[in-house]
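Written out below as structure tokens is the structure these notes cover.
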Amino acid sequence: MTRPDLSTRWLGLELSSPVVCGAGPVARDPELARALADAGVSAFVTDSLFEERILREEGGVMYHYESHADCDAEATSYQPLRDDLRFGPEEHLAAVQALVKAVPVPVVASLNGVTPGGWLRYGRLLQDVGASAIELNVYDLPDDPRVTADQIEARLLAMVRELADDLTIPVSVKLTAFHTSLPNLALRLVQAGAVGVVLFNRLFEPDIDPEELEAARALTPSRPDELRLRLRWLAVLSGQGGVDLAASGGVHDSTGATKAIMAGAHVVQMVSAVLRGGPASVRSLLDGLSSWMEEKGYDNLAQLRGCMDVTRCPDPDVYSRANYMDVLHSWHGNLHSFPGDSA
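If you read the sequence shown in my numbering, its first letter stands for residue 18, the second for the next number, and so on.
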């Protein structure tokens, strides 16, 4: 019996499977990347090129030179020449180029800029070293009460429009879940030139150490239950059509991948599961997905994709407020007895 066809098309790229290795440290290990490609990963997203980091490094070096401008000639002779310093994007670009040469699948370059000129400059450089597409890693934290939601979205749309007009490779946007109207924003992103959106960017969540009285930094892997938020918005955006969708966060196995594709995802991006399980986790996911599709009578992913989005789901209220009210009224637990309480 013929196995189901797991190939898919995403950002104009023909992929052998829906599994994409998302932005993370894997892209800096060509040997591991090759093993993952052999296991079935069909594309890689690099870790982000952060314009802000480059600007900070440049600013720190320039401050050092300017603060010692009045030193005598002997003292300044021990400083390296400015022309000998390297604090630009060269190291990152070299890593992207090495990955492009190392794997037989497309490489999508993640980019996080802070200035209009920076987005364009680094987008061109990433295209020049062989990236097949650009994924904009948008991290615009709305912490200024004077900045409106319209202003934040206008900046994003302007950046997408400029990049899409300037580059010859497709542009995708990795969004956070915290926009006032995701369907409207997705529509305007497509009108601005974006080909796809990624749901969702996992924002850094600082903790507080009450003993040391300081903010604690901890990067935690994603959890399978994070997929639920993605499923809702995949189903909504898939229903309106016109944009390639990637699920990022919460896909750890074939069940999660199946759910995301049924909701409308063209691909699923995995990082945490790959870091824990390596190539075996990819093979297990693809084998499980293929077996499930064969059992249910699906010949290819196109038949499966979006079968549970808001336009095709037998009960579309499951994605709406109506279902929220039903769930609240369905609670039948004992409100007076909890685990650990004495009789």
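C-beta: ideal position from N, C-alpha, C; glycine also.
Residue i - DSSP class collapsed to helix/strand/coil
{"i": "V36", "result": "strand"}
{"i": "N201", "result": "helix"}
{"i": "V113", "result": "helix"}
{"i": "E91", "result": "Low local confidence applies: a pLDDT of 49 at E91 is under 50, so the model's placement there is unreliable, and no value is given."}
{"i": "L244", "result": "helix"}
{"i": "G76", "result": "Confidence is the limiting factor: at G76 the pLDDT is only 49, short of 50, which leaves the residue's position unreliable, though a coordinate-based value still follows. In this structure, G76 counts as helix in the three-state DSSP scheme."}
{"i": "L216", "result": "strand"}
{"i": "R45", "result": "helix"}
{"i": "H85", "result": "Confidence at H85 is low in this model, with a pLDDT of 47, below 50, so the placement of that residue is unreliable and no value is reported for it."}
{"i": "L262", "result": "strand"}
Counted within 10 angstroms of its Cβ, other Cβ atoms place residue i as buried (16 or more) or exposed
{"i": "T25", "result": "buried"}
{"i": "K118", "result": "exposed"}
{"i": "E152", "result": "buried"}
{"i": "L32", "result": "buried"}
{"i": "L306", "result": "buried"}
{"i": "L220", "result": "exposed"}
{"i": "L116", "result": "buried"}
{"i": "G267", "result": "buried"}
{"i": "S198", "result": "exposed"}
{"i": "N218", "result": "buried"}
{"i": "P42", "result": "exposed"}
{"i": "N201", "result": "exposed"}
{"i": "P21", "result": "buried"}
{"i": "A286", "result": "The sequence given here places Gln at residue 286; Ala does not occur at that position. So Q286 counts as buried."}
{"i": "S289", "result": "buried"}
{"i": "V317", "result": "Residue 317 is actually Asn in this sequence, not Val. The residue is exposed, with fewer than 16 neighbouring Cβ atoms inside 10 Å."}
Paired residues, beta bridge with residue i - DSSP
{"i": "G256", "result": "Note: G256 sits in no beta bridge, so no partner."}
{"i": "I151", "result": "A126 and V188"}
{"i": "F67", "result": "N129"}
{"i": "M287", "result": "C38"}
{"i": "D226", "result": "E231"}
{"i": "A119", "result": "Answer is none; A119 lacks a bridge partner."}
{"i": "T25", "result": "L32"}
{"i": "V62", "result": "V125"}
Residue-chain proximity (residue i, chain C), Cβ-Cβ < 8 Å
{"i": "E228", "result": "In the structure shown, chain C cannot be found, because there is only a single protein chain."}
Among the options, nearest to residue i - alpha-carbon criterion
{"i": "I278", "options": "A290, L248, V291 and V260", "result": "L248"}
{"i": "K276", "options": "P296, V299 and D242", "result": "D242"}
{"i": "L137", "options": "I186, L30 and A112", "result": "I186"}
{"i": "V146", "options": "L158, H109, N154 and A175", "result": "H109"}
{"i": "P35", "options": "D332, I225, A274 and Q320", "result": "A274"}
{"i": "A56", "options": "Y336, N218, G29 and P121", "result": "P121"}
{"i": "V381", "options": "T272, V285 and L246", "result": "No statement about residue 381 is possible, as the shown extent of the chain runs from 18 to 360 and does not include it."}
{"i": "A181", "options": "D161, F195 and Q208", "result": "Q208"}
{"i": "E107", "options": "V131, L142 and R73", "result": "L142"}
{"i": "L11", "options": "I225, V284, V113 and G210", "result": "Missing from the structure shown is residue 11; the chain here goes from 18 to 360 and no further."}
{"i": "D160", "options": "V37, C330, D304 and F195", "result": "F195"}
{"i": "L204", "options": "E311, A40, G29 and V177", "result": "V177"}
{"i": "G29", "options": "G135, S337 and V284", "result": "V284"}
{"i": "P133", "options": "E68, Q257, Q114 and H269", "result": "E68"}
Whether or not the region 325 to 336 and the region 295 to 311 are in contact is what I'm after, with contact meaning three or more pairs of Cβ atoms, one per stretch, closer than 8 Å; do they touch? No, they do not touch.
Taking 8 Å as the threshold, find out whether the region 204 to 215 comes into contact with the region 250 to 266 through three or more Cβ pairs. yes
Say whether the region 56 to 67 touches the region 117 to 135, bearing in mind that this needs 3 or more beta-carbon pairs closer than 8 Å, one atom from each stretch. yes
How do the region 174 to 194 and the region 223 to 242 stand: do at least 3 beta-carbon pairs fall below 8 Å, yes or no? no
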